[in-house]
Amino acid sequence: ASANVPDGTELDVLEYELKYNRPDDLEGEPITVSSKLPLMFVNDESLIRDIDPKVKVLHAIQVAAEMDDRIVELINDRRRDEAIALIGE
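Note that full-length UniProt numbering has the sequence shown beginning at 1, numbered continuously upward.
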């Protein structure tokens, strides 16, 4: 836990709102999903060492998506060699 936050304290650190239109009704009323992301502060150091496999998978998916975006950007800028080099990383 933090020096300023007691062990077991839960704080909302992010409030978000996602609005989207259904693919079959692009002109319709958008759907809204709102929530908060809480974090719980704890003194259990094993949580740093033993990362949940689901979190590892989600992180890998996020990194791959960011790489895909960068590769598309490079290809669109006609920087093919840089795109190929990025794929090899």
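The C-beta atom is built at its ideal place from N, Cα and C for all residues, glycine as well.
No experiment lies behind these values; they were computed from the predicted model shown.
Boundaries (first-last residue) of the beta strand (DSSP E) holding residue i
i	result
L11	E10 to Y20
L37	I31 to M40
Beta-carbon spacing of residue i, residue j below 7 Å
i	j	result
E15	K36	yes
L86	I71	yes
L39	V55	no
E17	S34	yes
Run of the alpha helix (DSSP H) containing residue i, from where it starts to where it stops
i	result
L58	P53 to N76
L86	R80 to I87
L47	S46 to R49
Beta-carbon proximity list for residue i, same chain, < 8 Å, skipping 5 on both sides
i	result
I31	K19, Y20, N21 and R22
Cut-off 7 Å between Cβ atoms - residues of its own chain near residue i, not counting five sequence neighbours on either side
i	result
E82	L74
D24	none
Nearest-angstrom beta carbon gap, residue j and residue i [assumed within contact, 8 Å]
i	j	result
V42	D68	Wrong, their Cβ atoms sit about 35 Å apart, outside the cutoff.
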